[in-house]
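Comments concern the structure below.
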Amino acid sequence: MSDVARRAGVSRATASYVLNRTPGARIPEQTRARVLEAAEQLRYVPHVSARSLRRGRSDLVVGHVDGTAVLRGGLSFVTLIQVARDVREAGYTFLIHGDPTVTGIPAARSWLALRPAAVVATLDRYTEDSVAMLAEAGTVPIALSHTPSDLTATVVIDDGDLGRTAAQHLLDRGCRRIVVLGGCSRLVDRQTLGHRMDEAEAAAEAGGAETRRVPFSPDRETAADLVRTWLADGTLPDGVVGATTTHAAHILTALVDAGVRVPEQVAVLAADDEPQAELVRPRLTTVSADLAADESRMADAVLAALEGRWDPELAVRRLPARLVPRDSA
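Numbering (the UniProt record's numbering), first residue to last: 1 to 329.
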(Lines of atoms letter the chains of each structure in order from A and count residues from 1; the text may use other names and numbers.)
(Lines give C-alpha, C1' and ligand atoms only; values in the text may rest on other atoms or scores of the structure.)
Protein backbone atom coordinates (compact mmCIF):
# COMPACT_ATOMS: atom_id res chain seq x y z
CA MET A 1 0.00 0.00 0.00
CA SER A 2 2.81 2.42 0.92
CA ASP A 3 4.61 1.70 -2.34
CA VAL A 4 1.45 2.43 -4.32
CA ALA A 5 0.96 5.71 -2.44
CA ARG A 6 4.55 6.81 -3.15
CA ARG A 7 4.33 5.87 -6.83
CA ALA A 8 1.04 7.78 -7.22
CA GLY A 9 2.25 10.79 -5.17
CA VAL A 10 -0.62 10.57 -2.68
CA SER A 11 -1.01 9.84 1.01
CA ARG A 12 -1.33 6.26 2.24
CA ALA A 13 -4.87 7.06 3.39
CA THR A 14 -5.86 8.24 -0.10
CA ALA A 15 -4.40 5.10 -1.65
CA SER A 16 -6.29 3.00 0.88
CA TYR A 17 -9.59 4.75 0.12
CA VAL A 18 -9.15 4.09 -3.61
CA LEU A 19 -7.91 0.52 -3.42
CA ASN A 20 -10.48 -0.53 -0.82
CA ARG A 21 -13.29 1.32 -2.61
CA THR A 22 -14.23 3.01 0.65
CA PRO A 23 -17.87 4.19 0.47
CA GLY A 24 -18.30 7.95 0.76
CA ALA A 25 -14.64 8.78 0.11
CA ARG A 26 -14.44 11.82 -2.17
CA ILE A 27 -11.44 11.24 -4.35
CA PRO A 28 -10.96 13.25 -7.59
CA GLU A 29 -11.12 11.04 -10.66
CA GLN A 30 -7.64 12.11 -11.75
CA THR A 31 -6.21 11.04 -8.37
CA ARG A 32 -8.17 7.79 -8.42
CA ALA A 33 -6.82 6.98 -11.88
CA ARG A 34 -3.26 7.73 -10.73
CA VAL A 35 -3.58 5.37 -7.77
CA LEU A 36 -5.07 2.58 -9.88
CA GLU A 37 -2.34 2.99 -12.48
CA ALA A 38 0.35 2.81 -9.79
CA ALA A 39 -1.28 -0.32 -8.33
CA GLU A 40 -1.31 -1.89 -11.78
CA GLN A 41 2.35 -1.07 -12.38
CA LEU A 42 3.35 -2.51 -9.01
CA ARG A 43 1.02 -5.49 -9.38
CA TYR A 44 -0.57 -4.67 -6.04
CA VAL A 45 -2.74 -7.39 -4.48
CA PRO A 46 -4.87 -6.62 -1.37
CA HIS A 47 -3.98 -8.63 1.73
CA VAL A 48 -7.34 -10.09 2.73
CA SER A 49 -6.27 -11.18 6.23
CA ALA A 50 -4.82 -7.77 7.06
CA ARG A 51 -7.92 -6.04 5.76
CA SER A 52 -10.13 -8.31 7.88
CA LEU A 53 -8.11 -7.49 11.01
CA ARG A 54 -8.38 -3.78 10.29
CA ARG A 55 -12.15 -3.96 9.82
CA GLY A 56 -12.66 -6.22 12.84
CA ARG A 57 -14.33 -8.94 10.75
CA SER A 58 -13.92 -10.89 7.54
CA ASP A 59 -15.19 -9.33 4.32
CA LEU A 60 -15.62 -12.74 2.67
CA VAL A 61 -19.04 -13.95 1.50
CA VAL A 62 -19.01 -17.64 0.58
CA GLY A 63 -21.51 -18.87 -1.98
CA HIS A 64 -21.93 -22.65 -1.73
CA VAL A 65 -23.31 -23.41 -5.16
CA ASP A 66 -22.05 -26.71 -6.53
CA GLY A 67 -23.49 -27.66 -9.91
CA THR A 68 -26.14 -29.99 -8.49
CA ALA A 69 -27.48 -27.33 -6.13
CA VAL A 70 -27.64 -24.77 -8.90
CA LEU A 71 -29.81 -27.08 -10.99
CA ARG A 72 -31.99 -28.21 -8.08
CA GLY A 73 -32.51 -24.68 -6.84
CA GLY A 74 -33.36 -23.26 -10.21
CA LEU A 75 -30.50 -20.83 -9.81
CA SER A 76 -28.19 -19.54 -12.48
CA PHE A 77 -24.50 -18.80 -12.74
CA VAL A 78 -25.51 -15.41 -14.16
CA THR A 79 -27.39 -14.67 -10.93
CA LEU A 80 -24.36 -15.63 -8.86
CA ILE A 81 -22.14 -13.34 -10.88
CA GLN A 82 -24.58 -10.51 -10.23
CA VAL A 83 -24.53 -11.21 -6.49
CA ALA A 84 -20.73 -11.31 -6.54
CA ARG A 85 -20.58 -7.99 -8.37
CA ASP A 86 -23.03 -6.28 -6.04
CA VAL A 87 -21.51 -7.47 -2.77
CA ARG A 88 -18.07 -6.49 -4.06
CA GLU A 89 -19.32 -2.98 -4.69
CA ALA A 90 -20.43 -2.95 -1.05
CA GLY A 91 -16.89 -3.80 0.07
CA TYR A 92 -17.09 -7.60 0.34
CA THR A 93 -15.31 -10.40 -1.50
CA PHE A 94 -17.51 -13.15 -2.95
CA LEU A 95 -16.07 -16.67 -3.17
CA ILE A 96 -17.84 -19.56 -4.91
CA HIS A 97 -17.35 -22.73 -2.88
CA GLY A 98 -18.62 -26.05 -4.17
CA ASP A 99 -18.52 -29.45 -2.52
CA PRO A 100 -21.55 -31.64 -3.31
CA THR A 101 -20.70 -34.11 -0.52
CA VAL A 102 -21.15 -31.83 2.49
CA THR A 103 -24.21 -30.66 4.34
CA GLY A 104 -25.09 -29.80 7.93
CA ILE A 105 -22.20 -29.75 10.43
CA PRO A 106 -19.52 -30.96 7.94
CA ALA A 107 -20.54 -28.14 5.60
CA ALA A 108 -20.41 -25.59 8.41
CA ARG A 109 -16.90 -26.73 9.38
CA SER A 110 -15.78 -26.48 5.77
CA TRP A 111 -17.13 -22.94 5.47
CA LEU A 112 -15.80 -21.77 8.83
CA ALA A 113 -12.27 -22.74 7.82
CA LEU A 114 -12.49 -19.72 5.50
CA ARG A 115 -13.61 -17.40 8.34
CA PRO A 116 -16.37 -15.81 6.20
CA ALA A 117 -18.66 -12.98 7.22
CA ALA A 118 -21.57 -14.86 5.63
CA VAL A 119 -22.44 -18.05 3.77
CA VAL A 120 -25.04 -18.22 1.01
CA ALA A 121 -26.28 -21.76 0.27
CA THR A 122 -29.42 -23.59 -0.75
CA LEU A 123 -31.67 -24.38 2.20
CA ASP A 124 -31.01 -28.13 2.03
CA ARG A 125 -27.37 -27.54 3.03
CA TYR A 126 -28.36 -26.26 6.48
CA THR A 127 -29.51 -27.98 9.67
CA GLU A 128 -30.42 -26.45 13.03
CA ASP A 129 -27.05 -27.48 14.44
CA SER A 130 -25.05 -26.08 11.53
CA VAL A 131 -26.93 -22.78 11.65
CA ALA A 132 -26.17 -22.54 15.38
CA MET A 133 -22.49 -23.35 14.77
CA LEU A 134 -22.17 -20.65 12.13
CA ALA A 135 -23.96 -18.05 14.25
CA GLU A 136 -21.76 -18.80 17.28
CA ALA A 137 -18.68 -18.23 15.11
CA GLY A 138 -20.02 -14.87 13.93
CA THR A 139 -20.84 -16.05 10.40
CA VAL A 140 -24.26 -15.14 9.02
CA PRO A 141 -26.01 -18.14 7.36
CA ILE A 142 -28.21 -17.12 4.42
CA ALA A 143 -30.39 -19.68 2.64
CA LEU A 144 -31.79 -19.75 -0.87
CA SER A 145 -35.12 -21.51 -1.34
CA HIS A 146 -38.38 -21.49 -3.25
CA THR A 147 -40.34 -21.48 0.02
CA PRO A 148 -39.92 -19.48 3.26
CA SER A 149 -38.11 -21.08 6.20
CA ASP A 150 -37.83 -20.38 9.91
CA LEU A 151 -34.40 -22.03 10.05
CA THR A 152 -32.39 -18.97 9.04
CA ALA A 153 -32.59 -15.83 6.90
CA THR A 154 -33.96 -17.14 3.61
CA VAL A 155 -34.04 -15.46 0.21
CA VAL A 156 -37.19 -16.82 -1.43
CA ILE A 157 -36.94 -17.21 -5.21
CA ASP A 158 -40.44 -16.90 -6.68
CA ASP A 159 -40.51 -18.39 -10.18
CA GLY A 160 -44.30 -18.50 -10.51
CA ASP A 161 -44.29 -16.16 -13.49
CA LEU A 162 -42.53 -18.86 -15.54
CA GLY A 163 -45.57 -21.11 -15.20
CA ARG A 164 -48.09 -18.33 -15.72
CA THR A 165 -46.36 -17.17 -18.90
CA ALA A 166 -46.18 -20.72 -20.28
CA ALA A 167 -49.86 -21.43 -19.65
CA GLN A 168 -50.98 -18.08 -21.03
CA HIS A 169 -49.10 -18.71 -24.26
CA LEU A 170 -50.92 -22.01 -24.76
CA LEU A 171 -54.25 -20.35 -23.98
CA ASP A 172 -53.49 -17.61 -26.51
CA ARG A 173 -52.85 -20.32 -29.11
CA GLY A 174 -56.33 -21.69 -28.43
CA CYS A 175 -55.29 -24.75 -26.41
CA ARG A 176 -58.11 -26.03 -24.22
CA ARG A 177 -56.79 -29.44 -23.06
CA ILE A 178 -53.58 -28.65 -21.24
CA VAL A 179 -51.27 -31.06 -19.42
CA VAL A 180 -48.78 -29.76 -16.87
CA LEU A 181 -45.86 -32.17 -16.55
CA GLY A 182 -44.27 -31.93 -13.11
CA GLY A 183 -42.03 -34.08 -10.96
CA CYS A 184 -42.85 -36.94 -8.63
CA SER A 185 -45.12 -35.02 -6.25
CA ARG A 186 -46.35 -31.51 -5.57
CA LEU A 187 -44.10 -31.26 -2.50
CA VAL A 188 -41.02 -32.25 -4.50
CA ASP A 189 -42.03 -29.82 -7.24
CA ARG A 190 -42.24 -26.94 -4.80
CA GLN A 191 -38.89 -27.78 -3.25
CA THR A 192 -37.03 -28.18 -6.52
CA LEU A 193 -39.00 -26.17 -9.07
CA GLY A 194 -40.70 -23.56 -6.93
CA HIS A 195 -44.25 -22.61 -7.80
CA ARG A 196 -44.01 -22.61 -11.59
CA MET A 197 -46.10 -25.78 -11.96
CA ASP A 198 -48.77 -24.65 -9.49
CA GLU A 199 -49.03 -21.33 -11.31
CA ALA A 200 -49.15 -22.97 -14.74
CA GLU A 201 -52.00 -25.20 -13.61
CA ALA A 202 -53.89 -22.34 -11.97
CA ALA A 203 -53.50 -20.04 -14.98
CA ALA A 204 -54.67 -22.74 -17.41
CA GLU A 205 -57.74 -23.48 -15.27
CA ALA A 206 -58.51 -19.77 -14.89
CA GLY A 207 -58.38 -19.48 -18.69
CA GLY A 208 -61.10 -22.12 -19.07
CA ALA A 209 -58.88 -25.01 -20.14
CA GLU A 210 -59.37 -28.61 -19.06
CA THR A 211 -56.17 -29.03 -17.06
CA ARG A 212 -54.36 -32.12 -15.80
CA ARG A 213 -51.27 -32.25 -13.58
CA VAL A 214 -49.22 -35.33 -14.53
CA PRO A 215 -46.22 -36.52 -12.46
CA PHE A 216 -43.48 -37.32 -14.92
CA SER A 217 -39.97 -38.71 -14.62
CA PRO A 218 -38.20 -37.25 -17.66
CA ASP A 219 -36.75 -40.22 -19.51
CA ARG A 220 -37.27 -41.75 -22.92
CA GLU A 221 -39.33 -44.82 -21.96
CA THR A 222 -41.62 -42.96 -19.54
CA ALA A 223 -42.32 -40.32 -22.17
CA ALA A 224 -43.08 -42.96 -24.82
CA ASP A 225 -45.42 -44.83 -22.44
CA LEU A 226 -47.26 -41.64 -21.56
CA VAL A 227 -47.83 -40.69 -25.19
CA ARG A 228 -49.02 -44.23 -26.01
CA THR A 229 -51.52 -44.00 -23.15
CA TRP A 230 -52.85 -40.66 -24.39
CA LEU A 231 -53.34 -42.03 -27.90
CA ALA A 232 -54.90 -45.29 -26.70
CA ASP A 233 -57.50 -43.77 -24.39
CA GLY A 234 -58.25 -40.64 -26.42
CA THR A 235 -56.84 -38.16 -23.86
CA LEU A 236 -54.22 -36.55 -26.09
CA PRO A 237 -53.87 -32.92 -24.93
CA ASP A 238 -53.55 -30.02 -27.32
CA GLY A 239 -51.01 -28.24 -25.11
CA VAL A 240 -48.22 -29.39 -22.76
CA VAL A 241 -46.17 -27.37 -20.26
CA GLY A 242 -42.99 -29.14 -19.14
CA ALA A 243 -41.54 -28.24 -15.76
CA THR A 244 -38.08 -28.00 -17.30
CA THR A 245 -36.53 -28.12 -20.75
CA THR A 246 -35.68 -31.78 -20.09
CA HIS A 247 -39.30 -32.65 -19.25
CA ALA A 248 -40.58 -30.87 -22.35
CA ALA A 249 -37.89 -32.21 -24.68
CA HIS A 250 -38.61 -35.84 -23.77
CA ILE A 251 -42.36 -35.51 -24.29
CA LEU A 252 -41.81 -33.56 -27.52
CA THR A 253 -39.58 -36.31 -28.90
CA ALA A 254 -42.06 -39.03 -27.86
CA LEU A 255 -44.91 -37.18 -29.57
CA VAL A 256 -42.95 -36.80 -32.81
CA ASP A 257 -41.85 -40.46 -32.71
CA ALA A 258 -45.53 -41.47 -32.35
CA GLY A 259 -46.49 -39.50 -35.45
CA VAL A 260 -48.18 -36.63 -33.59
CA ARG A 261 -47.73 -33.29 -35.34
CA VAL A 262 -46.13 -30.63 -33.17
CA PRO A 263 -47.34 -27.93 -32.81
CA GLU A 264 -50.35 -28.52 -35.09
CA GLN A 265 -51.91 -31.23 -32.91
CA VAL A 266 -50.05 -30.64 -29.64
CA ALA A 267 -48.15 -27.49 -28.70
CA VAL A 268 -45.25 -28.09 -26.29
CA LEU A 269 -43.18 -25.63 -24.30
CA ALA A 270 -40.92 -25.60 -21.25
CA ALA A 271 -41.24 -23.42 -18.16
CA ASP A 272 -37.52 -22.74 -18.23
CA ASP A 273 -34.90 -22.17 -20.92
CA GLU A 274 -31.84 -24.37 -21.38
CA PRO A 275 -29.56 -24.91 -24.44
CA GLN A 276 -31.15 -28.31 -25.07
CA ALA A 277 -34.20 -26.46 -26.43
CA GLU A 278 -32.27 -25.66 -29.62
CA LEU A 279 -31.17 -29.27 -30.15
CA VAL A 280 -34.53 -31.04 -30.43
CA ARG A 281 -36.77 -30.91 -33.51
CA PRO A 282 -38.95 -29.04 -33.78
CA ARG A 283 -37.02 -26.52 -31.71
CA LEU A 284 -38.57 -26.15 -28.30
CA THR A 285 -40.41 -22.99 -27.27
CA THR A 286 -39.40 -22.00 -23.73
CA VAL A 287 -39.95 -19.42 -21.02
CA SER A 288 -36.87 -17.68 -19.66
CA ALA A 289 -36.42 -16.00 -16.30
CA ASP A 290 -35.21 -12.42 -16.73
CA LEU A 291 -32.31 -12.61 -14.30
CA ALA A 292 -31.07 -9.17 -15.30
CA ALA A 293 -34.18 -7.45 -13.94
CA ASP A 294 -33.57 -5.32 -10.84
CA GLU A 295 -36.27 -7.04 -8.81
CA SER A 296 -34.67 -10.43 -9.36
CA ARG A 297 -31.34 -9.43 -7.78
CA MET A 298 -30.53 -11.32 -4.60
CA ALA A 299 -27.64 -9.16 -3.46
CA ASP A 300 -29.82 -6.60 -1.65
CA ALA A 301 -31.33 -9.31 0.55
CA VAL A 302 -27.93 -10.92 1.10
CA LEU A 303 -26.45 -7.59 2.21
CA ALA A 304 -29.43 -6.89 4.46
CA ALA A 305 -28.86 -10.17 6.32
CA LEU A 306 -25.12 -9.57 6.48
CA GLU A 307 -25.46 -6.06 7.88
CA GLY A 308 -28.24 -6.70 10.39
CA ARG A 309 -31.05 -5.17 8.33
CA TRP A 310 -32.90 -8.42 7.58
CA ASP A 311 -36.57 -8.05 6.63
CA PRO A 312 -38.28 -11.27 5.46
CA GLU A 313 -40.97 -9.23 3.73
CA LEU A 314 -38.32 -7.81 1.39
CA ALA A 315 -36.50 -11.10 0.84
CA VAL A 316 -38.73 -12.46 -1.94
CA ARG A 317 -36.99 -12.28 -5.31
CA ARG A 318 -39.58 -12.54 -8.08
CA LEU A 319 -38.19 -13.65 -11.42
CA PRO A 320 -39.96 -11.91 -14.32
CA ALA A 321 -40.46 -14.25 -17.27
CA ARG A 322 -40.38 -13.80 -21.03
CA LEU A 323 -41.40 -16.16 -23.78
CA VAL A 324 -38.67 -17.49 -26.09
CA PRO A 325 -40.67 -18.48 -29.20
CA ARG A 326 -39.35 -21.31 -31.32
CA ASP A 327 -41.13 -23.98 -33.35
CA SER A 328 -42.94 -26.24 -30.88
CA ALA A 329 -45.59 -23.79 -29.67
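We put the CB at the ideal spot given by N, CA and C, even for glycine.
Being a predicted model, the structure only gives us computed values, none of them experimental.
Out of the options, state which residue places its alpha-carbon closest to the alpha-carbon of residue i.
i: Ala167; options: Arg125, Ile178, Asp159; result: Ile178
i: Leu42; options: Val4, Glu29, Leu134; result: Val4
i: Asp327; options: Arg281, Pro320, Asp290; result: Arg281
i: Glu199; options: Asp159, Asp172, Val214, Phe216; result: Asp159
i: Asp272; options: Val287, Ala315, Arg261; result: Val287
i: Val120; options: Arg7, Val241, Met133, Ser145; result: Ser145
i: Val155; options: Met1, Gly242, Met298, Glu40; result: Met298
i: Ala135; options: His247, Arg109, Ser149; result: Arg109
i: Arg309; options: Ser11, Met1, Ala8, Ala153; result: Ala153
i: Ala224; options: Gly234, Asp238, Thr245, Leu255; result: Leu255
Measuring only from the beta carbon, is residue i closer than 7 Å to any heavy atom that is part of the ligand SAM?
i: Pro215; result: With respect to the ligand SAM, the structure shown offers nothing to examine, as it has no ligands at all.
Go ahead and pull the three-state DSSP assignment for residue i.
i: residue 353; result: Residue 353 falls outside the range modelled here, since the chain spans only 1 to 329, and no answer is possible.
i: Thr147; result: coil
i: Ile81; result: helix
i: Pro235; result: It is worth fixing the name first, because residue 235 is Thr in this sequence and not Pro. Reduced to three states, the DSSP call for Thr235 is coil.
i: Ala289; result: strand
i: Ala69; result: At Ala69 the pLDDT is 46, less than 50, meaning the model places this residue with poor confidence and gives no usable figure here.
i: Val10; result: coil
i: Gly160; result: helix
i: Ala121; result: strand
i: Val323; result: Going by the sequence as given, residue 323 is Leu instead of Val. In this structure, Leu323 counts as strand in the three-state DSSP scheme.
i: Ala329; result: coil
Suppose the cutoff is 8 Å on Cβ atoms and the five residues either side in sequence are ignored; what does the same chain contact list for residue i look like?
i: Asp290; result: Ser296, Leu319, Pro320, Ala321, Arg322
i: Asp219; result: His250
i: Arg228; result: Ala258
Buried or exposed: which applies to residue i, given that a residue is buried once 16 or more other Cβ atoms fall within 10 Å of its Cβ?
i: Gly138; result: exposed
i: Glu128; result: exposed
i: Ile105; result: exposed
i: Arg196; result: buried
i: Thr285; result: buried
i: Ala38; result: buried
i: Glu201; result: buried
i: Arg34; result: buried
i: Cys175; result: buried
i: Arg26; result: exposed
i: Ser58; result: buried
i: Ser130; result: buried
i: Ala232; result: exposed
Can you give me the Cβ contacts of residue i inside the same chain, cut-off strictly under 7 Å, excluding the 5 residues immediately before and after it?
i: Leu303; result: Val87, Ala90
i: Arg283; result: Ala277, Arg326, Asp327, Ser328
i: Pro252; result: Contrary to the premise, residue 252 reads as Leu rather than Pro in this sequence. Within the same chain, Leu252 has close Cβ partners Val262, Val268, Val280, Leu284, Ser328.
i: Ser11; result: Ala5
Just to confirm my understanding: we take residue i, look at its own chain, exclude 5 residues before and 5 after, and list those with CB closer than 6 Å. What are they?
i: His169; result: Leu323
i: Arg164; result: Glu199, Ala203
Ordered list of beta strand (DSSP E) runs contained in the stretch 220-279, each at least 3 residues: 239-242, 267-270
Beta strand (DSSP E) segments (min. 3 residues) lying fully within the stretch 170-217: 177-182, 210-215
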